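**Q** Chains P and F supply the protein sequences, listed in that same order. Residue numbers are given in my numbering: position 131 of the first sequence equals residue 131, and the series is strictly consecutive. Residue numbers are given in my numbering: position 180 of the second sequence equals residue 180, and the series is strictly consecutive. Ideal placement from N, C-alpha and C gives every residue a C-beta, glycine not left out. Please read all numbers here as calculations on a predicted model, not as lab measurements. To start, I am sharing the structure in question, which I have written as structure tokens.
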Amino acid sequence: MADDVITRNNVRVSGRGTQPMLFAHGFGCDQNMWRFVAPAFEDQYRVVRFDYVGSGKSDLAAYDPQRYSTLDGYAQDVLDVVHALDLTDVVFVGHSVSSMVGVIASNREPERFARLVMIGPSPRYVNDPPYVGGFERGDIEGLLDMMEHNYIGWAGFLAPAIIKNPDRPELGAELTESFCSTDPVIARRFAEATFLSDSRDDLPRVAVPSLVLQCSDDMVAPNEVGEYVHRSTPGSTLRVMKATGHCPHMSHPEETIELMREYLQPALAA
Amino acid sequence: MSDAAGVRERTLDPLLDQAPAGLLSVADDGTITLANATLAAMLGWAPGELEGRRVDAILSVGARLFWQTHFFPLVRMHGRAEEVFLVLRAADGGEVAVLANAVRRERAGAWTSDCVLMQVKERRKFEEELLRARKEAERARAEVEEHAEELRATNEQLEEQAVEMELQQEQLREQAVELEAQADHLQALNEALQERTDEADRQRNAADEANRAKSAFLAVMSHELRTPLNAIGGYVQLLEMGIHGPVTEAQREALGRVERSQKHLLRLINDVLNLARIESGRVEYVLEAVDLAALMDEVTPMVEPQMHAKELALEVSVPAGAVARADREKVQQIVINLLSNAIKFTPAGGRVRVDAGRDGSGTVRLAVADTGIGIPAEKQASVFDPFVQVDMSRTRRSEGSGLGLAISRDLAQGMGGDLAVESTPGEGSTFTLTLPAED
């Protein structure tokens with residue numbers, strides 16, 4: 001079972017420390033997105049990275065549409081990895097949707113987790129007045145529409161006709177791999193599970209100290225949302241970053257590392 | 001990157017503004033650092049208006065999400081992106097579809113994503129094709145609709161008829177359901193009946209089989225009993241004849257009793273044997289012309305001693321011409337049996353009368369009437385059953401096997417005739433033998 005999960009979720013372990021730091025990627029990518037941040041913690045932590053089933057180099061055969069139709073299924077992936085490596089005292093680092101996945105997982109088994117680091121979290125993307133998520137349902141449809149075009153639609157279909165690349169046949173394969181999810185149906189389902197989720201009720205039950213890293217000018221998870229998360233989550237610390245956008249670990253890795261270290265250092269000392 | 005740097009860039013390469021594709025540079029933090037005049041025009045902005053704005057400003061909402069979750073990570077992690085479909089948002093809010101190719105490179109000391117944006121006009125061509133096809137289809141549909149009016153009128157009539165037919169069909173269906181229910185009921189009854197018939201057949205077959213077995217058993221047993229009885233009779237006669245020495249009067253009397261008992265027993269056994277033979281179908285009939293008057297002449301002397309003993313009067317009235325087609329011996333046996341019964345069950349001083357004649361329907365009839373005790377109506381049907389006597393308490397007085405009438409009727413039926421009884425208790429009984437007439 002343990003080995004199965006290691007293979008299934010493409011689990012990679014590195015680092016010289018003992019306390020585990022578990023990195024969970026967000027929707028649309030895979031564990032590679034941690035490339036600029038994770039190495040910085042290898043001297044003090046046991047760094048664990050993985051791909052959710054359906055993403056990156058995970059075992060697509062293990063994909064169960066029912067299980068992964070809600071974030072619970074993804075939280076189970078996290079717990080499966082935790083059990084497979086028998087991790088305790090885990091510092092969980094989740095980007096975007098994985099922040100809520102970490103909340104769900106730690107609520108289920110709080111004894112396994114020491115800290116949550118949430119990068120650009122949002123418990124609900126769709127507005128629900130007076131709650132502001134930043135999106136209307138139709139906006140989410142726009143994303144799904146664009147994904148459809150890019151995964152199976154015009155780009156792949158028309159590209160050869162518009163710009164011939166006979167000397168670069170690897171292009172197609174690379175493009176597909178770059179999107180981190182080879183199956184458009186799986187990607188669409190992940191998108192729906194992510195952007196149509198509502199994890200607001202999970203926040204007050206969080207029993208683990210947490211750090212909320214809120215970017216400036218993040219149109220995916222606006223400031224109000226980060227503040228909402230901080231307000232609703234007991235024991236949380238909110239840090240608003242200089243970094244803009246939604247992917248500070250990729251666009252501003254130094255600041256991300258620095259804020260994480262600042263937050264975690266007292267924990268290590270303790 | 002400052003606006004000045006952006007302006008300088010464009011100034012350095014004025015050709016970029018003339019390029020047929022949109023050119024866009026975006027810093028990692030999402031700031032637009034360069035946009036050529038082609039892109040600005042594509043989106044309805046003036047040249048130089050886009051620099052310094054966030055890239056979100058020129059992306060549709062869906063594209064913003066896609067940019068953050070796919071496009072930027074792709075360019076950041078792989079250094080480039082090819083042929084990514086994006087929907088941009090123009091200044092007037094309209095949408096502009098483009099295919100984006102991007103390369104990540106260092107520009108003036110900062111990392112940017114340099115994008116080439118091709119408006120997907122080819123896609124438009126496809127869309128126009130689709131539109132033309134759709135118009136084609138719409139015109140065809142319009143033509144169809146012209147005819148549709150006529151068709152509609154006809155259709156309405158048809159629909160009315162259809163409704164009526166449906167009503168009729170519904171009625172028929174209801175009737176069919178009712179009939180089906182009745183049919184089911186009948187079927188059930190039929191099955192029950194068939195079951196009962198089958199059961200009756202089975203029981204009859206079982207009874208017939210048991211009867212045959214019984215008859216076979218009786219035939220064998222009777223034979224085994226008769227052999228030693230005949231030996232007893234033979235040795236009694238030898239003793240009476242004094243073969244083994246002189247016989248005293250007392251001994252002779254005792255021998256007489258033994259002999260009578262032996263004969264009685266032998267008669268019983270013979271009766272049993274006869275019935276068994278008849279019932280197991282092993283009796284052969286020799287059919288010939290039997291004159292009933294002549295037959296009575298032979299039989300009468302045989303019963304006269306008993307009649308005298310009970311002071312009974314015998315009247316015989318058999319006309320000439322009453323001739324049956326039958327087995328003479330069997331008819332004689334039947335008549336003797338009927339007369340014996342009449343004598344047996346008629347009190348002293350009574351009367352026995354024998355009538356015979358030819359019926360119209362090809363049969364002859366011989367009736368034996370007595371003035372005896374009679375037979376109650378409810379017992380009349382069973383007097384022909386084996387081992388039945390009307391009054392079992394009389395059995396001792398009226399010795400017999402109880403087989404006589406059963407044997408007689410079986411024999412009569414075996415010859416194509418029958419034996420029947422009429423009786424009034426206290427007044428007497430009349431047994432009537434019918435037989436096929438001799439032509």
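Does the separation of the CB atoms of P20(P) and R46(P) fall below 8 Å?
**A** The residue given as residue 20(P) occupies position 20 in the first sequence. The residue given as residue 46(P) occupies position 46 in the first sequence. Yes, they are a contact pair.
**Q** Name the chain P residues that come within less than 7 Å of S113(F), Cβ to Cβ?
**A** Taking the second sequence and counting its residues from 1, the one referred to as residue 113(F) is at position 113. Correct list: empty, because the minimum Cβ distance to chain P is about 11 Å.
**Q** List the residues of chain P that Q68(F) touches, going by C-beta distances under 7 Å, in chain order.
**A** Along the second sequence, read from residue 1 onward, the residue named residue 68(F) stands at position 68. Ordered by position in chain P, the residues that pass the 7 Å Cβ test against Q68(F) are V220, G245, H246 and C247.
**Q** How about F27(P): is its C-beta nearer than 8 Å to some C-beta of chain F?
**A** Numbered from 1 along the first sequence, position 27 holds the residue referred to as residue 27(P). F27(P) counts as touching chain F.
**Q** Closest Cβ-Cβ distance between M260(P) and chain F: below 8 Å?
**A** Working through the first sequence from its first residue, we reach residue 260(P) at position 260. So, not an interface residue.
**Q** Look up T7(P) in the DSSP assignment and say whether it is helix, strand or coil.
**A** Position 7 of the first sequence, counted from the first residue, corresponds to residue 7(P). Helix at T7(P).
**Q** CB N127(P) to CB G133(P), shorter than 8 Å?
**A** Working through the first sequence from its first residue, we reach residue 127(P) at position 127. Working through the first sequence from its first residue, we reach residue 133(P) at position 133. Yes, Cβ-Cβ distance for N127(P) and G133(P) is below 8 Å.
**Q** Return the CA-CA distance between V91(P) and P14(F), expressed in angstroms with no decimal places.
**A** Taking the first sequence and counting its residues from 1, the one referred to as residue 91(P) is at position 91. Taking the second sequence and counting its residues from 1, the one referred to as residue 14(F) is at position 14. The straight-line gap from Cα to Cα measures roughly 52 Å.
**Q** Please determine whether the Cβ atom of F345(F) lies at a distance below 7 Å from any heavy atom of the ligand FMN.
**A** For the ligand FMN, the structure offers nothing, since it holds no ligand at all.
**Q** Does G54(P) come within less than 8 Å of chain F when only Cβ atoms are used?
**A** For this step, residue 54(P) is matched to residue 54 along the first sequence. Output row for G54(P): interface = no.
**Q** Return helix, strand or coil for N155(F), following the three-state DSSP convention.
**A** Translated into the one-based positions of the second sequence, residue 155(F) becomes position 155. The answer is helix: DSSP assigns N155(F) an H, G or I state.
**Q** For P436(F), list the residues DSSP reports as bridge partners.
**A** Translated into positions along the second sequence, residue 436(F) becomes position 436. Paired residues: T363(F).
**Q** DSSP state of H246(P), grouped into three classes?
**A** Here residue 246(P) corresponds to residue number 246 of the first sequence, with the count starting at 1. Reduced to three states, the DSSP call for H246(P) is coil.
**Q** With DSSP run on the structure shown, which of helix, strand or coil describes S14(P)?
**A** Counting from one through the first sequence, the residue named residue 14(P) turns up at place 14. The answer is strand: DSSP assigns S14(P) an E or B state.
**Q** Can you tell which of D139(P), N223(P) and V185(P) has its C-alpha closest to the C-alpha of Y131(P)?
**A** As a position in the first sequence, residue 131(P) is number 131, starting the count at 1. For Y131(P), the nearest C-alpha among the options comes from N223(P).
**Q** Check this for me: beta carbons of A193(P) and L22(P), under 8 Å apart or not?
**A** For this step, residue 193(P) is matched to residue 193 along the first sequence. For this step, residue 22(P) is matched to residue 22 along the first sequence. The answer is no: Cβ separation not under 8 Å.
**Q** Kindly indicate which residue of A40(F), R196(F) and A188(F) has the alpha-carbon position closest to the one of R49(F).
**A** Position 49 of the second sequence, counted from the first residue, corresponds to residue 49(F). Looking at the sequence itself, residue 49(F) is Glu, so the reference to Arg does not match. Of the candidates A40(F), R196(F) and A188(F), the one whose C-alpha sits nearest the C-alpha of E49(F) is A40(F).
**Q** Using the rule of at least 16 other Cβ atoms within 10 Å of the residue's Cβ for burial, across every protein chain shown, is D359(F) buried or exposed?
**A** Counted from its first residue, the second sequence places residue 359(F) at position 359. Its Cβ having fewer than 16 others within 10 Å, D359(F) is exposed.
**Q** Exposed or buried, F217(F), counting other C-beta atoms within 10 Å across all chains shown (16 or more means buried)?
**A** Mapped onto the second sequence, residue 217(F) falls at position 217. So F217(F) counts as exposed.
**Q** Starting from the Cα of S14(P), find the closest Cα among A38(P), F27(P), I6(P) and M260(P) and give me that residue.
**A** As a first step, residue 14(P) is located in the first sequence; it is residue number 14 there, counting from the start. Nearest of A38(P), F27(P), I6(P) and M260(P) to S14(P), Cα basis: A38(P).
**Q** For S2(F), does the three-state DSSP call read helix, strand or coil?
**A** Taking the first residue of the second sequence as position 1, residue 2(F) is located at position 2. Because the pLDDT of S2(F) is 42, which lies under 50, any placement of that residue in the model is unreliable, and the question is left without a value.
**Q** At which residue ranges does the segment 12-86 of chain P contain complete beta strand (DSSP E) runs of 3 or more residues, listed in the order of the chain?
**A** Runs of the beta strand (DSSP E) inside the segment 12-86 of chain P: 12-14, 20-24 and 46-50.
**Q** Pick from E224(F), Q68(F), R196(F) and G233(F): whose alpha carbon is nearest that of L255(F)?
**A** As a working mapping, residue 255(F) is identified with position 255 in the second sequence. Nearest of E224(F), Q68(F), R196(F) and G233(F) to L255(F), Cα basis: G233(F).
**Q** Helix, strand or coil for D17(F)? Go by DSSP, reduced to three states.
**A** Within the second sequence, the letter at position 17 stands for residue 17(F). Reduced to three states, the DSSP call for D17(F) is helix.
**Q** Measuring alpha carbon to alpha carbon, tell me which of D17(F), A200(F) and T346(F) ends up nearest A46(F).
**A** Position 46 of the second sequence, counting from 1, holds the residue named residue 46(F). Among D17(F), A200(F) and T346(F), the Cα nearest to that of A46(F) is on D17(F).
**Q** Would G372(F) and G428(F) be called neighbours here (beta carbons separated by less than 8 Å)?
**A** In the second sequence, counting from the first residue as 1, residue 372(F) sits at position 372. In the second sequence, counting from the first residue as 1, residue 428(F) sits at position 428. The answer is yes: Cβ separation under 8 Å.
**Q** What are the residues in the segment 2-21 of chain P lying within 9 Å of chain F by C-beta distance?
**A** Per Cβ criterion, the list is empty.
**Q** So what does DSSP say about G117(P), is it helix, strand or coil?
**A** Translated into positions along the first sequence, residue 117(P) becomes position 117. It is Val, not Gly, that sits at residue 117(P) in the sequence shown. Here V117(P) sits in strand by DSSP.
**Q** My output table needs one value for H252(P): the three-state DSSP class, helix, strand or coil.
**A** Counting from 1 along the first sequence, the entry for residue 252(P) is found at position 252. Looking at H252(P) - three-state DSSP - the assignment turns out to be coil, as it is neither helix nor strand.
**Q** Determine the DSSP secondary structure at M100(P), reduced to helix, strand or coil.
**A** Translated into the one-based positions of the first sequence, residue 100(P) becomes position 100. Here M100(P) sits in helix by DSSP.
**Q** Under 7 Å, CB to CB, which of the residues in the segment 25-54 of chain F have a partner in chain P?
**A** Within the segment 25-54 of chain F, the qualifying residues are D28, D29, G30 and R54.
**Q** Any Cβ of chain P within less than 8 Å of the Cβ of V84(F)?
**A** Indexing the second sequence from 1 puts residue 84(F) at position 84. Answer yes: the Cβ-Cβ gap between V84(F) and chain P drops below 8 Å somewhere.
**Q** Which of the three DSSP states, helix, strand or coil, is assigned to W111(F)?
**A** Taking the second sequence and counting its residues from 1, one reaches residue 111(F) at position 111. Three-state result, W111(F): strand.
**Q** DSSP beta-bridge partners for R105(F)?
**A** By one-based count along the second sequence, residue 105(F) stands at place 105. Note: R105(F) sits in a beta bridge opposite T112(F).
**Q** I want to see whether chain P comes within less than 8 Å of A140(F), judged by CB atoms only; does it?
**A** Position 140 of the second sequence, counted from the start, is the residue given in the question as residue 140(F). For A140(F), the answer is no, since every Cβ of chain P falls outside 8 Å of its Cβ.
**Q** Taking its Cβ as the centre, do 16 or more other Cβ atoms sit within 10 Å of V163(F), making it buried, or is it exposed?
**A** Taking the first residue of the second sequence as 1, we reach residue 163(F) at position 163. Burial call: exposed.
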